[in-house]
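Chemist:
2 protein chains.
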Amino acid sequence: MTSVQGARARARIEITAAIKDEARTQLAAEGAARLSLRAVARELGMVSSALYRYFPSRDDLLTALIVDAYDAVGAAAERADGAAGPDDPIGRWTAVCRAVRDWAVAHPHEYALIYGSPVPGYTAPQDTVGPASRVGLVLIAIARDALAADGIALPPLSPELRPEAERLAADVAPDLPPALAVTLVAAWSQLFGLVSFEVFGQFNRIVEDRDTFFTSAATRLAHEVGLLPRTKRPARTRTQPRTGRA
Amino acid sequence: MTSVQGARARARIEITAAIKDEARTQLAAEGAARLSLRAVARELGMVSSALYRYFPSRDDLLTALIVDAYDAVGAAAERADGAAGPDDPIGRWTAVCRAVRDWAVAHPHEYALIYGSPVPGYTAPQDTVGPASRVGLVLIAIARDALAADGIALPPLSPELRPEAERLAADVAPDLPPALAVTLVAAWSQLFGLVSFEVFGQFNRIVEDRDTFFTSAATRLAHEVGLLPRTKRPARTRTQPRTGRA
DNA sequence: GTCTATAACGAGATAGAC
DNA sequence: GTCTATCTCGTTATAGAC
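Those sequence lines, one after another, are chains A and B.
Under the working numbering, residues 24 to 269 are what the first sequence spells out, in order.
Under the working numbering, residues 24 to 269 are what the second sequence spells out, in order.
1. Sorted by chain position, which residues of the same chain lie with C-beta nearer than 7 Å to Q213(A)'s C-beta, five sequence neighbours on each side aside?
2. Can you find a CB in chain A that lies within less than 8 Å of the CB of A269(B)?
3. If you reduce the DSSP assignment to three classes, tell me which class L250(B) lands in.
4. Does I165(A) come out as helix, strand or coil in the three-state DSSP assignment?
5. CA-CA distance, A269(B) and D150(B)?
6. Within 8 Å (strictly less), CB to CB, does A209(A) reach chain B?
7. What is the DSSP secondary structure of I137(A), reduced to helix, strand or coil?
8. Between the stretch 222–235 of chain A and chain B, which residues of the former have a C-beta closer than 8 Å to a C-beta of the latter?
9. Along the chain, where does the alpha helix (DSSP H) containing E183(A) start, and where does it finish?
10. Let's test the definition: count the other Cβ atoms within 10 Å of the Cβ of V134(B) and tell me whether it reaches 16, buried, or not, exposed.
11. Under 8 Å by Cβ, that's how I've got L191(B) and V230(A) pegged, so tell me the actual separation to the nearest angstrom.
12. What did DSSP end up calling I113(A) once you bin it into helix, strand or coil?
13. On a CA-only basis, which of I113(A), A107(A) and A73(A) is nearest A241(A)? Give me that one, please.
14. I want to know whether the stretch 166–179 of chain A touches the stretch 196–208 of chain A - three or more CB-CB distances under 8 Å.
15. Going by CA-CA distance only, name the one from L207(A), P141(A) and G97(A) that's closest to L180(A).
16. So with CB distances below 9 Å, who are the chain A contacts of D194(B)?
17. Does Q49(A) get closer than 8 Å to chain B when you measure Cβ to Cβ?
18. Please return the same chain residues whose Cβ sits closer than 8 Å to the Cβ of R121(A), not counting the five positions on each side in sequence.
19. In whole angstroms, give me the CA-to-CA distance for A95(B) and E183(A).
20. For G270(B) versus P264(A), is the C-beta distance shorter than 8 Å?
21. Measuring CA to CA, which of P197(B), T86(B) and D234(B) is closest to V128(B)?
22. Looking at the secondary structure, which residues open and close the alpha helix (DSSP H) in which V63(B) lies?
23. Does any CB atom of chain B fall closer than 8 Å to the CB of E247(A)?
24. Could you tell me the boundaries of the alpha helix (DSSP H) in which S71(B) lies?
Structural data, given as structure tokens:
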């Protein structure tokens, strides 16, 4: 009986994956706003009502695609961080930035789904906030490790910004100095500004050698955050980025 | 006969404006991907075929909306720059950044149209590139004036980036040092990273006091570009941002 | 229990005849 | 410009296959 259950479960997983794959194809062709359950079903040789066994509504399918996309960039960022030398904060930082950009360039439509215009009529459920925070948590972990190993120069903090910095730090990274936490959030959004401009075509006829341009800008972001070229004494343990999911 | 022609021309302008207004309303409700000529016509009490007298296709209507949006942010940026003290590069820079952000927050759907995900199936014609460059040209003008008045410290330029920096500078700002030109382009995209994250909801539950946060980040961007708090001798003439349109 | 298929709803888009 | 016949869509109810 386990084999029957196993077979069913396997079939379910496969069909779910096929649905999402086909939906991703449609995403590329039509955009998220025009994602159609019926078209997905038609393309898979199913009838539209059958899809409801797998996704209770169109918005749930969208949510699954969004979560998958956030998880994919997040995993790419974590992998790049893990592959970089632990004692080299700037190396880790730029590796993560490049991983995010490479993923975005390779998956422009999924990138647009999560970092582009919001889908009209769709409101993201709570399920997306965990995956959405993975890239940010990697950046925070890099800063945390650098801090523990004297590999960071704290960025300046203006008095006007101090209250918000403290509030924000308490929320997203209670173990980091407020000045570092706000700067990280700003750098995080600026990183995606670079990526979005490239993916969305704003650099057309302006930036040619995008690779070099991006790497240079990412490195400058690392300096902006205060990361130093090399830690004086290596951090003993590398901080695992917390998943952010309950 | 001029009066008849004048009346006709006036009516045409009014109807064109009404069509665009209604289209903007639909943009907010349905998104650019679902902009429908028929729905616009219906709402205006016209028949869909009548719209083709004003816009030869859906894409042309979209283009008009895009050009209007770029012109609106561009004008806001130019106005803010003009209102700032000419001898204060950082003041001008942050004023322009704030103007862009304020416009974006006030017009999130038009902002999404020009700086969000590309509309599937739509390719921007040449008409959009002039208006699209207005904000960038304002930032360039600020840097140019600061340079002329000794109000800027040239940002560093890594050897790897030099070729691309020279290419890029020749294209977008031939009178600026390559190091400054690339840094400006990076800062330009990072500015829109900050704005997009706020408008698209990525700062939800993360940044609370968005005003202070943004102003602080914009000021740091100004420093990043090399702008100095005050020019030693005031620039005699303020550079007009070139319109970029032929 | 788990799935798929049929049929239908209300709403909207689309094409073409008039 | 109007009308109509025919599409699409998301979603549900129901019935039957495994």
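Don't be surprised by glycine CBs; every beta carbon is placed ideally from N, CA and C.
Here the structure is a predicted model, which means the values were calculated and not measured.
Modeler: In this structure, then:
1. The answer, listed in chain order, is L244.
2. Bear in mind that a pLDDT of 44 at A269(B), under 50, signals an unreliable position, so the model cannot answer this.
3. When DSSP states are grouped into helix, strand and coil, L250(B) belongs to the strand group.
4. Taken through DSSP and simplified to helix, strand or coil, I165(A) comes out as helix.
5. No answer about A269(B) holds up, because its pLDDT of 44 lies below 50 and its placement is not dependable.
6. Interface residue, yes.
7. In this structure, DSSP gives I137(A) a helical state, which the three-state scheme calls helix.
8. Within the stretch 222–235 of chain A, contact with chain B at the beta-carbon level (separation under 8 Å) is assigned to F223, G224, Q225, F226, R228, I229, V230, E231, D232 and T235.
9. No alpha helix (DSSP H) holds E183(A); DSSP gives it neither H nor E.
10. According to the sequence shown, residue 134(B) is Tyr rather than Val. Result: buried.
11. Contact annotation, L191(B) with V230(A): C-beta distance approximately 6 Å; criterion of less than 8 Å satisfied.
12. I113(A) falls in the helix class under three-state DSSP.
13. The option with the nearest alpha carbon to A241(A) is I113(A).
14. The stretch 166–179 of chain A, when compared against the stretch 196–208 of chain A, does touch it at the 8 Å Cβ threshold.
15. Comparing Cα positions, the closest option is L207(A).
16. Against D194(B), the close residues of chain A are R228, I229 and E231, in the order they occur along the chain (beta-carbon pairs closer than 9 Å).
17. False, the Cβ-Cβ gap to chain B never drops below 8 Å.
18. Around R121(A): A103, F237, T238 and A241.
19. Straight through space, the alpha carbons of E183(A) and A95(B) are spaced by roughly 30 Å.
20. A query on residue 270(B) cannot be resolved here, the shown segment of chain B reaching from 24 to 269 and no further.
21. Of the listed residues, the one whose Cα sits closest to V128(B) is D234(B).
22. Boundaries of the alpha helix (DSSP H) harbouring V63(B): L60 to L67, taken from the DSSP string.
23. E247(A) counts as touching chain B.
24. Residues S71 to L74.
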